[in-house]
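Engineer: In the working numbering, the protein residues as written are 115 to 369.
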Ligand SMILES: Cc1cc2nc3c(=O)[nH]c(=O)nc-3n(C[C@H](O)[C@H](O)[C@H](O)COP(=O)(O)O)c2cc1C
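1. Output the boundary residues of the alpha helix (DSSP H) element that contains residue 238.
2. Do you know how far the Cα of residue 265 is from the Cα of residue 127?
3. Helix, strand or coil: how does DSSP classify residue 123 here?
4. Between the alpha carbons of residue 212 and residue 196, how many angstroms are there, rounded?
5. Distance, Cα to Cα, residue 284 vs residue 355?
6. Could you tell me the distance, in whole angstroms, from the CA atom of residue 223 to the CA atom of residue 315?
7. Measuring straight from C-alpha to C-alpha, what distance separates residue 164 and residue 242?
8. Rounded to whole angstroms, what's the CA-CA distance from residue 322 to residue 260? Just pull it up for me.
9. Can you pull every residue whose C-beta falls closer than 7 Å to some heavy atom of ligand 1, listed in chain order?
10. Check this for me: beta carbons of residue 363 and residue 350, under 8 Å apart or not?
11. Drop a sphere of 10 angstroms on the beta-carbon of residue 230, count the other beta-carbons inside from all chains shown, and report buried for 16 or more, exposed for fewer.
12. Any idea what DSSP makes of residue 189, helix, strand or coil?
13. Could you check whether the region 191 to 207 touches the region 278 to 296, counting it as contact only if at least three pairs of C-beta atoms, one from each stretch, sit closer than 8 Å?
14. Using 8 Å for Cβ pairs, my map puts residue 343 next to residue 157. What's the rounded Cβ distance?
15. Using the Cα positions of residue 153 and residue 297, report the straight-line distance between them to the nearest angstrom.
16. Alpha carbon to alpha carbon, how far is residue 240 from residue 188?
17. Specify, as a first and last residue, the run of the beta strand (DSSP E) that residue 343 falls within.
18. Under three-state DSSP, which class holds residue 364?
19. When you compare only the Cα positions, how much space is there between residue 77 and residue 236?
20. Taking the C-alpha atoms as reference points, what is the distance between residue 247 and residue 226?
21. May I ask you to report which of helix, strand or coil DSSP gives residue 353?
22. Among residues of its own chain, excluding the 5 on either side of residue 263, which ones have a beta-carbon nearer than 6 Å to its beta-carbon?
23. I'd like to confirm the pairing. Which residues does DSSP put opposite residue 322 in its beta bridges?
24. Confirm the yes/no value for this check: CB of residue 339, any heavy atom of ligand 3, distance under 7 Å.
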């Protein structure tokens, strides 16, 4: 985790991160129209600004939380909160981390499409995103995993996320068993604080890239005359897990 706390800082010129001395964009809540009169060609700069703005004007512990919806083989949509760890504005994807064998992981294995919503009530903004999901490269997952506090690293080994468990006591036992299997001294770790430990990443835990094919920016206006801009583009899957992005088309929507 970077010192700023969000997002992780993997070297790339396109990654949005928050430098310590970053000046938050000035946006006024009272203003009726948050989006420029003429919608910009690429919405992701505004997405980046809103994410930074939400982080810097945080009114809750996890301003980077998004509701992620997936739909598995049954087609039934299910949603849950995950943390957006990164926005790579060019070529345009979000990154989140999870257990590949969780409910969402299994959904994405059979239907690699997802939608995500950010909502900041006090900031009166919403971002809706849809797109295609691919797994993050292993090296990127390793790099991020190595920055996590040791209880989360160990938890990734111990928890079969989304599977039933008889009780919390059983979960604690699984943590102890995982520590034993990895040759870790749990008592020593517990007295050492929360720093990352030298724990390898389990193969079933890693990142996903949500490649953005649709963005809707929603800004609250006076008298329910909200401002909505919609951008869409085509995504073409390439053989090597890569994606080719088409040009953005934009339109304003009625509230
Ligand atoms: C604020 C918050 C942040 C969360 N962040 C993550 C996350 O980044 N990754 C994750 O796998 N689960 C995260 N969770 C837990 C998920 O919401 C969910 O319970 C879990 O991933 C299992 O979901 P699934 O059974 O649909 O796969 C978070 C929950 C909350 C409330």
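Glycine is no exception: its CB is placed at the ideal position from the N, C-alpha and C atoms.
Structural biologist: On the basis of the data shown:
1. From DSSP, residue 238 is part of no alpha helix (DSSP H); its letter is neither H nor E.
2. Note that residue 127 scores 42 on pLDDT, short of 50, meaning its location in the model is unreliable; the coordinates nonetheless yield the value given after this. Each residue's Cα considered, the two are about 31 Å apart.
3. Because the pLDDT of residue 123 is 37, which lies under 50, any placement of that residue in the model is unreliable, and the number read from its coordinates should be weighed accordingly. Looking at residue 123 - three-state DSSP - the assignment turns out to be coil, as it is neither helix nor strand.
4. Whole-angstrom Cα-Cα distance: 8 Å.
5. 38 Å
6. Each residue's alpha carbon lies about 20 Å from the other.
7. Residue 164 and residue 242: Cα-Cα distance of roughly 12 Å.
8. A straight-line Cα-Cα distance of about 17 Å links residue 322 and residue 260.
9. 176, 179, 192, 194, 195, 196, 197, 210, 211, 212, 213, 216, 217, 218, 219, 275, 276
10. no
11. Note on residue 230: 16 or more other CB atoms within 10 angstroms of its CB, so buried under the neighbour-count rule.
12. The answer is coil: DSSP assigns residue 189 none of H, G, I, E or B.
13. no
14. 7 Å
15. Looking at the two C-alpha atoms, the distance is approximately 56 Å.
16. 28 Å
17. 341 to 346
18. Residue 364: strand per DSSP, three-state reduction.
19. A question about residue 77 goes unanswered here, because the residues of the chain that appear run from 115 up to 369.
20. 5 Å
21. Residue 353: coil per DSSP, three-state reduction.
22. In chain order, 308 place their CB closer than 6 Å to the CB of residue 263, counting only its own chain and leaving out the 5 sequence neighbours on each side.
23. 210, 249
24. Ligands present in the displayed structure are limited to ligand 1, and ligand 3 is not among them.
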